[in-house]
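Participant:
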Amino acid sequence: MQSINLNVNAPFFSLRLKDKQEDTSLNRSRPETIGSRRPGRTTLPPPKPGRTRSTTHLPTTTSKPELPTCKKKRICSSKRNSEDFRELAVALHKELREELDIDTSYLSDDGLKDLDLVYDCKLEKLAYQRIQGCKKALYSSKTHNSAVIRRHLGQEKVLAFSKAFSYWRNGREKRTNEDFKPHTEYDKLSWDSLSAIGCAVKQCRKRGERFTLVDCKYDYE
87 MQSINLNVNA PFFSLRLKDK QEDTSLNRSR PETIGSRRPG RTTLPPPKPG
137 RTRSTTHLPT TTSKPELPTC KKKRICSSKR NSEDFRELAV ALHKELREEL
187 DIDTSYLSDD GLKDLDLVYD CKLEKLAYQR IQGCKKALYS SKTHNSAVIR
237 RHLGQEKVLA FSKAFSYWRN GREKRTNEDF KPHTEYDKLS WDSLSAIGCA
287 VKQCRKRGER FTLVDCKYDY E
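With the working numbering as the guide, the letters of the sequence shown map in order to residues 87 to 307.
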């Protein structure tokens, strides 16, 4: 086998060896700089004592838009009744008359023509005038329905009206053939020509007795 003898005294070999020694000494004498990169990791400079890193927040220019407020339109300017009360009065009357429209549809192709029933503020005023004196025995009227609730319901007008309307409505089931008289409470609800209503509720107290009066005034075409 042929052997190769290296001449360490050769100029080229000594030059490469010298360069390598200088590189090694340079690496030993060079301090590691902060933030220097090593393969596979990155070092960050430590915070100075007494100071913390802060993040600069840019000011936002967008603001939350203001949503429009939808105010419920009042049926009447008077605050005696709430809008929920007025809507309930119309809804209960319409519900009954829609049922009648189905029950009597075989009698006429037109059916009842009252489905566009509206709430009338003038009729509401007349209803309040009728019960203003807190008289239990109200005179009979072709255009009024009245009821006396022997309880003081405070400000619960919706509850009082619901009870009164149930009483008027149940007249259909309770009456007999002898009761078919004109202008009963149920008849006033079911007349085909009924076009507008206005209702009132009043809390009363007389001679130590507390009760509630309910009245509805009707308009017919």
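Think of the CB as a built atom: it goes at the ideal place given N, C-alpha and C, for glycine as much as any other residue.
I'd like the span of the beta strand (DSSP E) that includes residue 236, first residue to last.
Facilitator: Here the question's residue 236 lines up with position 150 in the sequence shown. Segment: none, residue 236 is in no beta strand (DSSP E) and carries neither H nor E.
Participant: In whole angstroms, give me the CA-to-CA distance for residue 211 and residue 293.
Facilitator: Here residue 211 refers to the residue found at position 125 of the sequence shown. Here residue 293 refers to the residue found at position 207 of the sequence shown. Straight-line Cα distance between these residues: approximately 26 Å.
Participant: Have a look at the DSSP bridge pairing and note the partners of residue 303.
Facilitator: Looking up residue 303 in the sequence shown gives position 217. Answer is 230, 284, bridged to residue 303.
Participant: Comparing C-alpha positions only, which one of 302, 278, 300, 304 sits nearest to residue 184?
Facilitator: On the sequence shown, position 98 is the one that residue 184 refers to. Of the listed residues, the one whose Cα sits closest to residue 184 is 278.
Participant: From residue 302 to residue 180, what does the alpha carbon distance come to, in whole angstroms?
Facilitator: What you label residue 302 is simply residue 216 of the sequence shown in a count that begins at 1. What you label residue 180 is simply residue 94 of the sequence shown in a count that begins at 1. Cα to Cα, the separation comes out at about 14 Å.
Participant: Counting C-beta neighbours from all protein chains within 10 Å, is the total for residue 213 16 or more, i.e. buried, or is it exposed?
Facilitator: Walking along the sequence shown from the start, residue 213 turns up at place 127. That one is buried.
Participant: In angstroms, rounded to a whole number, what distance separates the CA positions of residue 208 and residue 295?
Facilitator: Numbered from 1 along the sequence shown, position 122 holds the residue referred to as residue 208. Numbered from 1 along the sequence shown, position 209 holds the residue referred to as residue 295. Each residue's Cα considered, the two are about 30 Å apart.
Participant: Let's see if you can read the secondary structure: which residues bound the alpha helix (DSSP H) around residue 217?
Facilitator: Position 131 of the sequence shown holds residue 217. Start and end: 207-217.
Participant: By alpha-carbon positions, which one of 164, 288, 175, 161 ends up nearest to residue 237?
Facilitator: Along the sequence shown, one-based indexing puts residue 237 at 151. When each option's Cα is compared against that of residue 237, the closest is 288.
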